[in-house]
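What follows is a short report on a single structure.
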RNA sequence: GGCGGGUUGGCGGAGAGGUUACGCAGCGGAUUGCAAAUCCGUGAAGACCGGUUCGAUUCCGGUACCCGCCUCCA
């Protein structure tokens, strides 16, 4: 087996990845807040960590990887949307409208990420289905002295966890000195963060020992990763003795670099304090932390005010295929900022058309090229993997190219429709063109044959004339309605 | 202010202390009535200033500029 090496944010180094239990590799990715369509930036972690998921499945076996990606469906933006609908006269309770909104958004999300070739995770828990687990965890943190209740809020006592800031390389004192923290009367320390907050009648809420309220953002990931990556496999007997030596731990936790602080830092604090070692010292959590860098658009941050903000669905609706979006993502290493440009998309489409044309001549059962595999096992070097695919293309190695594209998520079963040549009968044009050409060869007057040729090219037909004869192929921009009359 | 990432040839984008990245575009050639497609060949680089070294784009230090986070946005 090839050694997989991954850049671990926790140690800031590339390390050899060895799972706690090769029979059950466990990873968690912070998923979307489901208040609206996923924008392009939301898609980057989904795609890059989908490649990781595929690689892990390849190396450890498809049935030996558990991938969890959550849906955050407790959020003020969701509440605001639901409230706006209610005020606009929508029927139903606020809770129903929220459920409606999040259901709808999850459906969009699935459709959009499917289009990008991302496999569905094994579990996609919704925060609202784990409120009980969160409340239990919060109560436990209070009992252990790591959290305190005040005025209907429950806060995590940051000073109670000595390693706070280790992931992101910050110290509590420095951050307070930097002074952009919210000072609230109910906080013991300005850096303390919310585990639970009260809800008024206009907001969704759940009963808790601290009154009706809702969870803070960070606790959901701590609770759900514990439930699905530790408790559940443990209860079902899916953990080896080796894995049981590392209670509450799992292998990989991934997300965007913007989540490094505070979100992931807070997750670590909660989980490590909730699950201490036998001697009472803080426990451990995820072993590998992977973060993808941010996405830009035409060299600038994507933002609504710059007018360069768009969703995955916007691009798909513009006719940019999901495979093309995926290819553009994979051209840049996940740890570097990535720039989305229209030109890249156009080039990616050209490349993929070439590759599919070769790859579809092979069957589906070949092993991916070792060069591609080696590139991916080296910290998911997808850019290098693509370069390796070019070698396969130039060598006309269709089976290896096809298998490699599959591993990259660019080929699932068959060539996508957009890259297939339209099935049209152009034989009448072939005859006409060959006929006119033969005449022109004698008369030396090529005006008629050139006119027909340009008309065909204008309709998106690729015209090939050689000594052997005339060949017509519908090309990328083929439009049957533009075909000339013969 | 604090923390982190980046700066590679016309463009995109990797690896490696000394040996061709790769793709697109360009140029030359084959092929074609002319093209297209394809194939072959080819020029071109590592922000700036120091240091380590026989040798650095690759390691170390500094400077400049860009970007992200610190404001529940991946």
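Residue numbers (the UniProt record's numbering): 1 to 486.
Glycine is no exception: its CB is placed at the ideal position from the N, C-alpha and C atoms.
Where residue i sits in the DSSP three-state scheme
i: residue 172; result: helix
i: residue 467; result: coil
i: residue 4; result: strand
i: residue 430; result: helix
i: residue 286; result: strand
i: residue 210; result: coil
i: residue 126; result: strand
i: residue 294; result: coil
i: residue 113; result: helix
i: residue 320; result: coil
i: residue 199; result: coil
i: residue 373; result: helix
i: residue 484; result: coil
i: residue 491; result: With the chain covering 1 to 486 only, the question about residue 491 has no answer from this structure.
i: residue 454; result: helix
i: residue 261; result: helix
i: residue 394; result: helix
i: residue 52; result: helix
i: residue 315; result: helix
i: residue 193; result: strand
i: residue 358; result: helix
i: residue 185; result: coil
i: residue 444; result: coil
i: residue 364; result: coil
i: residue 351; result: helix
i: residue 378; result: strand
i: residue 412; result: strand
i: residue 33; result: strand
Beta-carbon proximity of residue i to residue j, cut-off 9 Å
i: residue 369; j: residue 400; result: yes
i: residue 549; j: residue 476; result: Residue 549 cannot be examined here, being either before or after the span of the chain that is shown, 1 to 486.
i: residue 409; j: residue 112; result: no
i: residue 20; j: residue 242; result: yes
i: residue 328; j: residue 354; result: no
i: residue 528; j: residue 272; result: Since the first residue of the chain shown is 1 and the last is 486, residue 528 is not available in this structure.
i: residue 263; j: residue 290; result: no
i: residue 124; j: residue 31; result: yes
i: residue 28; j: residue 234; result: no
i: residue 116; j: residue 325; result: yes
i: residue 250; j: residue 194; result: no
i: residue 98; j: residue 79; result: yes
i: residue 196; j: residue 138; result: yes
i: residue 407; j: residue 54; result: yes
Cα-Cα separation between residue i and residue j, rounded to whole angstroms
i: residue 347; j: residue 133; result: 48 Å
i: residue 466; j: residue 396; result: 23 Å
i: residue 130; j: residue 223; result: 7 Å
i: residue 187; j: residue 286; result: 28 Å
i: residue 302; j: residue 386; result: 26 Å
i: residue 42; j: residue 160; result: 33 Å
i: residue 209; j: residue 109; result: 34 Å
i: residue 240; j: residue 24; result: 8 Å
i: residue 215; j: residue 70; result: 15 Å
i: residue 463; j: residue 486; result: 16 Å
i: residue 45; j: residue 256; result: 6 Å
i: residue 219; j: residue 270; result: 7 Å
i: residue 94; j: residue 282; result: 40 Å
i: residue 352; j: residue 321; result: 11 Å
i: residue 6; j: residue 381; result: 10 Å
Range covered by the alpha helix (DSSP H) that runs through residue i
i: residue 337; result: No alpha helix (DSSP H) holds residue 337; DSSP gives it neither H nor E.
i: residue 91; result: No alpha helix (DSSP H) contains residue 91, which DSSP labels as neither H nor E.
i: residue 233; result: 232-235
i: residue 402; result: 398-407
i: residue 278; result: Neither: residue 278 is in no alpha helix (DSSP H) and is coded neither H nor E.
i: residue 222; result: 219-226
i: residue 140; result: 131-143
Residue i, enclosing beta strand (DSSP E) - first and last residue
i: residue 153; result: 153-156
i: residue 253; result: 250-256
i: residue 16; result: 13-17
i: residue 28; result: 25-29
i: residue 66; result: 65-69
i: residue 148; result: 147-150
8 Å contact criterion, which residue i and residue j should meet: CB distance rounded
i: residue 415; j: residue 356; result: 4 Å
i: residue 398; j: residue 361; result: 5 Å
i: residue 456; j: residue 472; result: 7 Å
i: residue 158; j: residue 189; result: 6 Å
i: residue 77; j: residue 33; result: 7 Å
i: residue 379; j: residue 14; result: 6 Å
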